[in-house]
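Under my numbering, the first residue of the sequence shown is numbered 345, with each subsequent residue one higher. Cβ coordinates follow ideal geometry from the N, Cα and C atoms, glycine included. One structure is given here, and the rest of the page talks about it.
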Amino acid sequence: MAQDLKALAGCDYLSSADLDAARTRSLLRLAAGIKRGELRPQAPGRVLGLIFRKASTRTRVSFTVAMARLGGQTIDLNPQVTQVGRGEPVADTARVLSRYVDALAIRTFGHDELADYAHWATVPVINALTDLEHPCQALADYLTLQDAFGTDPDDLAGLTMAYVGDGNNVAHSLLLAGALLGVHVRIGCPEGFAPDATVLARAQTLAAGRCRLEVVHEPVAAVRGAQAVYTDVWASMGQEDEQQQRLQAFEGWCLNEELLAEADPRAIVLHCLPAHRGEEISAGAIEGSASRVFDQAENRLHVQQALLAAVLNVVD
Ligand code: CP
Ligand code: NVA
345 MAQDLKALAG
355 CDYLSSADLD
365 AARTRSLLRL
375 AAGIKRGELR
385 PQAPGRVLGL
395 IFRKASTRTR
405 VSFTVAMARL
415 GGQTIDLNPQ
425 VTQVGRGEPV
435 ADTARVLSRY
445 VDALAIRTFG
455 HDELADYAHW
465 ATVPVINALT
475 DLEHPCQALA
485 DYLTLQDAFG
495 TDPDDLAGLT
505 MAYVGDGNNV
515 AHSLLLAGAL
525 LGVHVRIGCP
535 EGFAPDATVL
545 ARAQTLAAGR
555 CRLEVVHEPV
565 AAVRGAQAVY
575 TDVWASMGQE
585 DEQQQRLQAF
595 EGWCLNEELL
605 AEADPRAIVL
615 HCLPAHRGEE
625 ISAGAIEGSA
635 SRVFDQAENR
645 LHVQQALLAA
655 VLNVVD
């Protein structure tokens, strides 16, 4: 584990595919050890900068608390009160901030902007969500599946993760990380809302035949026999104008008790949150005994603490 994590020192984490299978598993092991209270990496005096161009509760707070638990601190570089929001070039902002902080966590729209930050920054840049990916979320999602069905990331291989809804940023990272962990990932979505073909092809390459990655256009076919049933909002941040059109397109795709009954009887219900009850998920499904959504939200903290410890090079 230590060697895999040492290799992440100073690295960016822009995509789930930035880690290989062994490093993804090592990171999940570190996160689980931190969660159990057995591992306590420390990064005293280190500083994380947050640049968030979109709203956030979980990501913002879990990064801040993760850094505090490492003995470091966080600076909220809110674009509205920094020159970021007034259009200072990324090339300048990234180089200046690299002189002050030890890592940056960035939430923005275009993945290109994140890549630009990573190009110019001389400190690790972490994807805190873009329109293309949400890799920290996927780490927490698979830790939650691990907690439900085993004790080690190796136990994930052969399980089926069904995701019903929009083939969005969350679905993309779920596919890529699932491929690395040997999880069968089934994406169920209406025609026209499939995951990006390039991301799917990349995930197939990473899977190397170890697991099946499928896109289906019928909800029951997506969830049948799955050990986890996951959904996310139908209109992501930045797609507010499409809300009405998407409500129509996704009619019949609500993750409700009836759909859940088609999954493995042990199946857990996941949602990255925030959720819209009565749209992509029913109140019964999110509040039911199978729901692990609040464990999943908690796991954001543990996986990000592990990730920060690795990129800041404070793991033994
Ligand atoms: N799941 C997630 O990323 O939540 P926030 O948008 O609140 O950060
Ligand atoms: N797909 C959602 C995830 C929010 C955490 C969005 O991008 O808005």
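Segment contact: the segment 550-562 against the segment 590-607, fewer than three CB-CB distances shorter than 8 Å; contact not assigned. Nearest Cα to Gly389 within the set Arg413, Ile625, Ile395 and Thr426: Arg413. Between the ligand CP and Gln481, a heavy atom-to-CB distance of less than 7 Å is present. In summary, Glu477 is buried, with 16 or more beta-carbon neighbours lying within 10 Å of its beta-carbon over all protein chains present.
The DSSP-derived three-state label of Phe537 is coil. When distances are taken from the beta-carbon of Ser360 to the heavy atoms of the ligand NVA, even the shortest one reaches 7 Å or more.
A distance criterion of 7 Å places the beta-carbon of Pro618 in contact range of the ligand CP, judged by its closest non-hydrogen atom.
For Met411, there is no enclosing beta strand (DSSP E); the enclosing alpha helix (DSSP H) covers residues Arg402 to Arg413.
When the beta-carbon positions are compared, Ala482 and Ile450 stay at least 8 Å from each other. In this structure, Ile419 and Ala447 do not form a Cβ contact; the two beta carbons are roughly 11 Å apart against a cut-off of 8 Å. 8 Å or more divides the Cβ of Ala515 from the Cβ of Cys555. The nearest non-hydrogen atom of the ligand NVA is less than 7 Å from the C-beta of Asn513. Exclusion of the five residues before and after Gln427 leaves Thr437 as the residues of its chain whose Cβ lies within less than 8 Å of its Cβ. The closest heavy atom of the ligand CP lies less than 7 Å from the beta carbon of His478.
Around the Cβ of Asp498, a 10 Å sphere holds fewer than 16 other Cβ atoms; the residue is exposed. A residue is called buried when at least 16 other Cβ atoms come within 10 angstroms of its Cβ; Ser626 meets this threshold and is buried. With fewer than 16 neighbouring CB atoms inside 10 Å of its own CB, Ser633 falls in the exposed class. The beta-bridge partner set that DSSP reports for Gln417 consists of Val391. Cβ-Cβ distances below 6 Å link Val613 to Val573, Ala629, Ala634 and Ser635 in the same chain, with the five nearest sequence neighbours on each side left out; the list follows chain order. Looking from the CA of Gly596, the closest CA among Gly532, Thr549 and Leu421 belongs to Gly532. Within 7 Å of the C-beta of Leu557 there is not a single heavy atom belonging to the ligand NVA. Secondary structure at Gly429: helix, using DSSP grouped into helix, strand and coil.
Partner residues in the beta bridge of Ala447, as assigned by DSSP, are Leu392. Val405 and Ala521 have their C-alpha atoms spaced approximately 23 Å apart. Counting only the Cα atoms, Arg430 lies some 33 Å from Ala650. Take Tyr461, set aside five residues on each side of it, and the residues of its chain with a beta-carbon closer than 7 Å to its own are Val434, Ala438, Leu448, Ile450 and Val469, in chain order. Per the DSSP secondary-structure output, Met505 pairs in a beta bridge with Val529 and Ala572.
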